[in-house]
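Residue numbers for the sequence shown follow this note's numbering, so the first one is 51 and each next one is one higher. Read the structure below first, then the notes.
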Amino acid sequence: MLVAIRNVVELATHLTMTQFDLIIRQAYLGEHPQYAHQAVDLGITNGKFSAIAPCLTADAQAELNATDCFISPPFVESHIHLDSALTIGQPRWNESGTLFEGIEIWRDRKQNLSFEDVQARAIATLKCQAEQGVLFVRTHADVSEASLIALKALLAVREQVKDWLTLQVVAFPQDGLWRRLENLDLMQEAIQLGADAIGGIPHYELTREDGVASVEKIFELAQKHERLIDIHCDEIDDEQSRFLEVMAAQTIRTGLGSRVTASHTTAFGSYNNAYAQKLLGFLQNAQLNIIANPLINITLQGRGDSYPKRRGLTRVKELWQHGINVSFGHDCIQDPWYSLGTGNMLDVAMMAIHACQMTGRSEMTACYEMITTQGAQTLHVCDRYGLEIDKPASFLLFAVPNAYEVLRQRLLPQWVYHNGQCLVETPPTLSHWHYSPSP
Ligand code: FE2
């Protein structure tokens, strides 16, 4: 008891005497272990959160009045292709809207890639995302062409933006790992150059056996070189595409757990329920991450259907209900696979809420977490993410009191902070009515 009282006194003294660089006053937290949905003060020192309490009485060099504002950890973009972003119409539009016409168009466009071309489009996209609150991004880089231009440019971008955004680069063999003998050499070179994660596309390999072999090789490489894994898996409507079970088996055998991510898994939406139920159990054992890309999945998949037409998404709700970590990605912005997009993660969550029928209050909260905290789990960055003492003070402030209103209104953050510094400020927009009733 004495110890507890002394701790309280020490804490009170600390809160009274400490001088902070900045205090954010009376911001509403969302889900939080201690102050869920309460208004609190957050003290920041040397770029990190140093105190969170209902009222901090210490001095601060600066204060920000956040009354009635919601404070959120930054958005996490779990899955994007920055190398193809902003290439819409080059050299032609995807008129069929299919994944495979997109791959054909990209095969033509990437003949003209240059380092500067990829770099400029990637930086422009990341700036656009940061303005909308995204400070953690995992991009795939196509490593199917001999010069590895896309990968080299995105690794340079990773360095260029590191003072304001965390970028991870996945070495992604868009044309398949086993389709040509040299593809494996290119993957090995990409790892040596510094790719953060190893990717794959087993459902696009020439045979089922090649697909299984590609998954096995990716796990072998990831273990050998201590890299994360993020595989484009079963991105197809074919209910016989079953590489997710291969990934689950490899994850269980290797014990790599949350270092492994399966992206898309859209075929999961077409499996029969008996098989899907069995697979959910395997995934619980494996503890790997699943990424859904709702904007792209609902537009690319189901193209071969008449009616009823499938939604083409993985079973987001059921995965979440089974405690499996799910996060969301934008996947594409104005490229051969998706002609729209601004990089706003709220658009992604909004599509998931509709297409996955996650309209319950707790389900909408879960969708918000899939673009924030659960994305951080997928990227394996939880040690430097979140509104907690000693974590970097990177956060968003919205002029509404909770995540539900942020989602409903698809608001831009009024302030984006990175490591205790204001990175972007966006004043709220106001509408002016010029209508006056006639006498
Ligand atoms: Fe993708």
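Yeah, the Cβ is synthetic: ideal placement off N, Cα and C, and Gly gets one too.
For residue i, three-class secondary structure by DSSP
i, result
"VAL366", "helix"
"ILE439", "coil"
"HIS87", "coil"
"GLN76", "strand"
"ILE55", "Confidence is the limiting factor: at ILE55 the pLDDT is only 38, short of 50, which leaves the residue's position unreliable and the question unanswerable from this model."
"LYS98", "strand"
"ILE403", "helix"
"VAL474", "strand"
"THR216", "strand"
"TYR418", "helix"
"GLU145", "coil"
"LEU457", "helix"
"THR311", "strand"
"ASN115", "strand"
"ALA62", "Low confidence applies here, because ALA62 scores a pLDDT of 43, under 50, leaving its location unreliable and the question unanswered by this model."
"ALA110", "strand"
"VAL207", "helix"
"VAL376", "strand"
"GLU289", "coil"
Cβ shell of residue i (< 7 Å), same chain only, five flanking positions each side left out
i, result
"GLN169", "ALA203, ALA206 and VAL207"
"ALA405", "PRO344, ILE348, ARG361 and LEU363"
"TRP214", "ALA180, HIS468 and LEU473"
"LEU457", "LEU396, ALA399, MET400, MET414 and TYR418"
"GLU60", "Unreliable placement is indicated for GLU60, whose pLDDT of 40 sits below 50; no coordinate value is reported for it."
"LEU462", "GLN182 and THR476"
"THR315", "CYS283, ASP284, LEU294, ILE340 and THR364"
Close-in-space but distant-in-sequence residues of the same chain around residue i (CB under 6 Å, 5 per side omitted)
i, result
"SER264", "LEU227, TRP228, GLY250, PRO252 and GLU255"
"TRP370", "VAL376 and ALA416"
"ALA245", "VAL219 and ALA221"
"THR301", "VAL310, ALA336 and LEU338"
"TYR321", "GLU289"
"GLN224", "ASP192 and SER194"
Residue(s) in a DSSP beta bridge with residue i
i, result
"ILE302", "According to DSSP, which records beta bridges pairwise, ILE302 is partnered with nothing at all."
"GLY93", "ILE73 and ALA101"
"VAL466", "LEU446 and VAL474"
"ILE121", "LEU447"
"ASP381", "ILE130"
"PHE222", "ASP192"
"TYR388", "ASP385"
"VAL296", "Answer is none; VAL296 lacks a bridge partner."
Neighbourhood of residue i by C-beta distance below 8 Å, restricted to the same chain and skipping five residues each side
i, result
"LEU243", "LEU198, LEU201, LYS202 and LEU205"
"ILE241", "ALA221, ILE248, LEU271, HIS275 and ARG277"
"PRO477", "GLN464"
"PRO141", "ILE155, ASP158 and ARG159"
Minimum Cβ-Cβ distance from residue i to chain D less than 8 Å
i, result
"SER356", "Among the chains of the structure shown, chain D does not appear; only one protein chain is present."
Query raised in the report: What are the start and end residues of each continuous alpha helix (DSSP H) run of 4 or more residues lying completely inside the region 319-357, in chain order?
Result: 323-336 and 344-350
Query raised in the report: Counting Cβ pairs closer than 8 Å, one from the region 436-449 and one from the region 145-156, do we hit at least three?
Result: no
Query raised in the report: Taking contact to mean at least 3 C-beta pairs separated by less than 8 Å, is the region 93-105 in contact with the region 152-160?
Result: no
Query raised in the report: Is it true that the region 171-181 meets the region 410-417, where meeting means three or more beta-carbon pairs spaced less than 8 Å apart?
Result: no
Query raised in the report: Counting Cβ pairs, one atom from each stretch, are 3 or more of them under 8 Å apart for the region 124-137 and the region 183-197?
Result: yes
Query raised in the report: Can we say the region 450-461 touches the region 423-431, given the rule of at least three CB pairs closer than 8 Å?
Result: no
Query raised in the report: For the region 237-283, which segments carrying the beta strand (DSSP E) assignment without a break, of at least 3 residues, lie completely within its bounds, in sequence order?
Result: 278-283
Query raised in the report: Can you list, in chain order, the stretches of the alpha helix (DSSP H) that have 4 or more residues and sit fully within the region 136-203?
Result: 149-159 and 165-181
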